[in-house]
Structure formats: C-alpha cells, structure tokens
Amino acid sequence: MGFVLYLQIANIAVHFLLKFGKQKVTEIIHRFTYRATSDPKNVIIIGGSFSGMQLARLLSTSIPTGYKVTLVEQNTHMHYCFAFPRFSVLSGHDYKAFIPYEGFLRRAPKGAISIVHEKAINIQKDHIELTSNEKISYEYLVIATGVSQPAPARLCATDKTGGESELRGYQKAIHASSRIAVVGGGAVGVELATDIKSFLPEKNVTLIHSRDRLLVRFGPQLHEAAYKRLQELGVKVYFNERPSLPDSKPFMPSETEIIFKDGQVETFDLVISCIGQSPNSSPLKTLLPDAITDDGFIRVEPTLQVKAENENCRNIFAIGDVAATGGPKMAFAGIAQAGVACSNILTLIRGKQNTLQHYITNFIEGKTKLTLGKVRPRGILHGE
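No gaps in the numbering here: position 70 of the sequence shown is 70 in the UniProt record's numbering, and each next residue is one more.
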C-alpha cells in the first residue's frame with residue numbers, strides 16, 4: 001500500500017512539474033507577444049480568493065491579443081483566511097493576512113488584466129452588474145465567489161485597514177474574557193479553541209460540537225489527533241450538542257448561558273460561533289436558476305462549465321468552493337480547477353470546443369494542514 005501511494009505521489013509530482021515548466025515557457029513567450037488593444041473582449045473572473053486568483057494569474061499570462069482578463073473582487077487585498085483564526089488570538093501579526101493583488105499579477109503584460117474592486121450582484125447573458133450599477137460585458141465568465149462563513153473564518157471588512165481593525169477587535173474580546181465557548185468542531189473551531197488555550201492558557205475554553213467526532217469532512221485520524229491535542233491543552237469538549245444561541249452574531253462578548261441537552265447550564269463571557277456556511281451563488285439566480293442546487297452550490301459539467309438547461313451559456317464556468325464538483329472543498333482543489341478552466345477557456349477562444357479538458361480530482365487535493373496551537377501543524381489527506 002505504501003509503495004502504491006509513493007508511485008501515485010511521484011506520478012502527480014512529475015505531472016505538475018511538467019505542467020509548471022510549460023506554464024513558465026508560455027508566460028515568457030506571452031510577455032513578448034501580447035499586445036493591448038483599444039476594445040478587447042473580456043474574460044471576467046468574479047472572486048479573487050485562491051481559485052479565482054490562480055485563474056487570473058494563469059489567464060493573464062496566456063490570453064491572446066484581443067482579449068483581456070477582468071478580476072472583480074470587492075476586497076482591496078487578498079484575504080489569507082487560513083490565518084484568521086490564529087490572528088484573532090495572537091496580536092501583532094494581523095497585517096500579514098492581507099496580500100496586495102498587484103504582487104500576484106506582476107508577470108502579466110500591460111493591458112492583459114485589470115482589477116475592479118466592487119461586488120458583482122447580478123449576472124446576465126452578456127454582462128454582469130456591480131453594486132455601483134456599472135455593467136461590464138463579457139465573452140467568458142468564471143464564477144469563483146466561494147462561500148460565506150461567520151468570523152473569524154471570513155471578515156466583513158473589504159480593505160486592509162478595516163480587516164486589521166476587525167481582527168484586533170476579536171483579539172480584544174478574547175483577551176478580555178475568561179470563560180470562552182467555541183461552537184463548531186470544524187477546522188476553524190478546532191484551530192481557534194487550540195490557539196486560545198495554547199497562547200492564553202489561563203482561559204477556560206470549551207468546544208461544543210453537534211456531531212460525535214470532530215472535523216467530519218475528514219477521516220477518523222484527524223479527529224483523533226485534534227481531540228488528543230484538545231485534551232492535552234485542557235479544552236473541555238462536548239459532542240452531540242447543538243445549543244440554541246441567543247444572538248446571530250459570530251462573536252458574542254457578553255455573559256451568555258448555554259443549556260446542554262442533559263439540562264446542565266454553563267455561563268460564558270464570550271461565545272464564538274464557528275458554524276454555518278452559505279455558497280455565494282446568488283448573482284447567478286436570475287439568469288440560470290436551475291443551475292443552482294438545493295443547498296446553493298452551482299452545478300457544473302466535468303469541463304467546469306455551468307450545467308443548465310440553457311445551452312447558450314456554455315461560456316460561463318464555476319470553480320472553487322461555490323462549484324458542485326463532487327470533490328473536496330479545499331484550496332488545492334480550487335487551484336487545480338483554475339488550471340482546467342484556463343485551459344478550456346483558451347481552447348474555446350481558439351474555436352476547438354470538442355477538445356475540452358475534464359476536471360478529475362486526485363487525493364492530493366483533499367490534503368489539509370491544521371494548526372493545533374503552538375505545535376507543528378498536522379498535515380493529513382482527505383479521508384484519513
């Protein structure tokens with residue numbers, strides 16, 4: 001079994017090295033051959049997180065003359081959301097979680113890409129509409145809007161200064177509290193609980209989870225590692241509990257009573273809700289309502305084109321967490337999907353619609369790296 005796994009990893013590594021080399025050669029040639037034009041056709045990407053940003057990088061260094069990439073992203077900086085739980089606890093590092101977009105796109109030739117820092121609210125068959133009422137036409141469109149989650153998994157602020165201030169507000173609330181309840185045993189809840197207890201050991205921390213094991217998107221090994229670490233730190237863990245919270249806000253810095261199913265009542269100074277996520281698919285509802293699943297994700301073909309009854313919308317793609325690919329909702333997967341979407345858009349531009357690439361998941365895309373306080377992060381594959 002170990003040898004087979006080694007061969008699989010080696011095969012994937014060789015594939016990515018060859019692909020990376022090809023991308024670099026294409027990038028160099030493109031830099032000298034691309035020419036900006038006065039009225040280029042638009043390839044719009046809505047969403048500038050991991051999958052959207054990767055696609056913007058790939059397309060802006062390979063798109064032919066006569067086309068340009070427009071990245072529509074309301075945040076002024078890329079939010080490195082994996083760091084948000086820790087930077088909600090640890091002060092002095094919050095600025096590191098906000099990365100300027102310009103640095104990602106420095107290799108693109110002049111005129112190949114532009115960034116619009118606004119929110120797309122509606123998609124029509126040939127244009128998108130922004131909150132400012134501006135309309136931007138497109139030849140191809142990629143929806144990479146991800147999912148919404150409560151803080152600290154995501155932030156409300158759209159600029160760096162506001163984001164840093166928001167994180168410092170969470171730090172202040174955590175430091176000022178002595179009895180803290182974290183509700184939700186997913187990655188954010190586990191990381192937040194272990195970080196609070198690891199960096200602030202004097203705090204009484206309780207983790208409340210609705211299932212019988214932690215991190216249910218992954219296998220039992222990660223649950224066991226996380227639960228062991230929580231016990232080592234002295235975090236009290238409740239399983240199979242779904243408390244009714246009195247406030248819809250994710251951070252509740254006031255004395256709050258939580259009633260458990262056995263009738264036990266505990267009082268906390270701060271309750272942090274780390275449950276619930278909703279796909280950001282609403283801009284597509286007007287144009288293609290049948291493309292959205294009952295739980296809000298966007299149906300896609302194996303080519304990552306949006307799957308809908310309207311055959312005239314094959315120029316619309318969806319990638320990342322918002323796309324119902326059937327694979328893991330992980331950054332690795334979104335980055336891989338960006339590569340497929342880029343290849344297929346370029347193929348369609350060349351008029352070769354019969355040779356589109358299919359997105360096929362591999363086990364590496366389900367890998368995660370979970371921080372458990374002040375110890376080396378735990379890396380594990382999806383399903384382990």
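All residues carry an ideal CB built from backbone N, CA and C; glycine is no exception. Source: prediction; values computed, not measured.
For my contact list, residue i and residue j are in at a C-beta cut-off of 8 Å; report their separation, rounded to the angstrom.
| i | j | result |
| --- | --- | --- |
| I123 | P283 | 5 Å |
| A151 | V190 | The pair is not a contact, with the Cβ atoms about 16 Å apart (cut-off 8 Å). |
| N42 | Y138 | 5 Å |
| P85 | V188 | 5 Å |
| H79 | G163 | 7 Å |
| G334 | S148 | Going by Cβ atoms, the distance from G334 to S148 rounds to 16 Å, so no, they are not a contact pair. |
| R154 | C81 | 6 Å |
| F268 | I258 | 7 Å |
| L90 | F199 | 6 Å |
| G146 | S49 | 5 Å |
Going by DSSP, what residue range makes up the alpha helix (DSSP H) through residue i?
| i | result |
| --- | --- |
| A173 | K160 to H175 |
| A56 | F50 to S60 |
| R188 | It is worth fixing the name first, because residue 188 is Val in this sequence and not Arg. Counting along the chain, the alpha helix (DSSP H) containing V188 begins and ends at A187 to F199. |
| L348 | A331 to I349 |
| F363 | F363 -> no alpha helix (DSSP H), and no H or E assigned at all. |
| L218 | As written in the sequence, residue 218 is Phe, which differs from the Leu given in the question. Counting along the chain, F218 falls outside any alpha helix (DSSP H), and DSSP gives it neither H nor E. |
| P85 | F84 to F87 |
Starting from residue i, follow the beta strand (DSSP E) in both directions and report where the run begins and ends.
| i | result |
| --- | --- |
| N122 | A120 to I123 |
| L287 | No beta strand (DSSP E) contains L287, which DSSP labels as neither H nor E. |
| I319 | Taken as a continuous stretch (DSSP letters only), I319 belongs to no beta strand (DSSP E), as it is neither H nor E. |
In the DSSP assignment, what residue or residues form a beta bridge with residue i?
| i | result |
| --- | --- |
| M78 | I99 |
| S114 | T70 |
| T206 | A181 and K236 |
| Y140 | V43 |
| E266 | I258 |
| F279 | What sits at residue 279 in the sequence shown is Pro, not Phe. Answer is V147. |
| I272 | V182 and F251 |
| V300 | V306 |
| I63 | In the DSSP output, where bridge partners are listed per residue, I63 has none listed. |
| F32 | DSSP lists no partner for F32. |
| E129 | N122 and K135 |
| A324 | R299 |
Please identify the residue among the options whose C-alpha is closest to the C-alpha of residue i.
| i | options | result |
| --- | --- | --- |
| R299 | P279, S278, E257 and A323 | A323 |
| A338 | N354, L346, I319 and M330 | I319 |
| I46 | I143, S91, G334 and Y67 | I143 |
| A97 | Q54, T158, G66 and L105 | T158 |
| I128 | G327, V72, S88 and T355 | V72 |
| Y67 | A108, A112 and K236 | A112 |
| T70 | L105, F82 and K172 | L105 |
| M53 | S254, T76 and N312 | T76 |
| V271 | A193, E224 and L230 | A193 |
| E118 | K135, S281, N354 and S60 | K135 |
| I29 | P64, D39, A56 and G48 | P64 |
| Q109 | G162, L233, T161 and R31 | According to the sequence shown, residue 109 is Pro rather than Gln. Answer by Cα proximity: R31. |
| S62 | F297, T26 and Y95 | T26 |
| H175 | N204, D290 and V265 | N204 |
| R107 | R57, I99, Q353 and N362 | R57 |
| I115 | N133, S60 and I360 | S60 |
| S165 | H93, S38 and T145 | H93 |
| G234 | I180, I258, Q221 and E266 | I180 |
| E311 | D321, D290, D294 and F297 | D290 |
| Q357 | F317, F218 and E255 | F317 |
| Q305 | S278, T325, D295 and D321 | T325 |
| L370 | S343, T145 and E224 | E224 |
| L130 | K236, V375, I44 and Y170 | I44 |
| K88 | F251, E232, S278 and A36 | This sequence places Ser at residue 88; Lys is not what is there. For S88, the nearest C-alpha among the options comes from F251. |
| Q171 | S38, I196 and P201 | I196 |
| D262 | R350, P279 and Y238 | Y238 |
| P201 | S177, D321, A308 and Q221 | S177 |
query = Quick one: any contact between the segment 195-215 and the segment 233-248, if contact means 3 or more CB pairs under 8 Å?
reply = Touching, yes.
query = Would you call the segment 361-369 and the segment 330-337 in contact, with 3 or more CB pairs under 8 Å?
reply = Contact holds between the segment 361-369 and the segment 330-337, because three or more Cβ pairs, one in each stretch, are under 8 Å apart.
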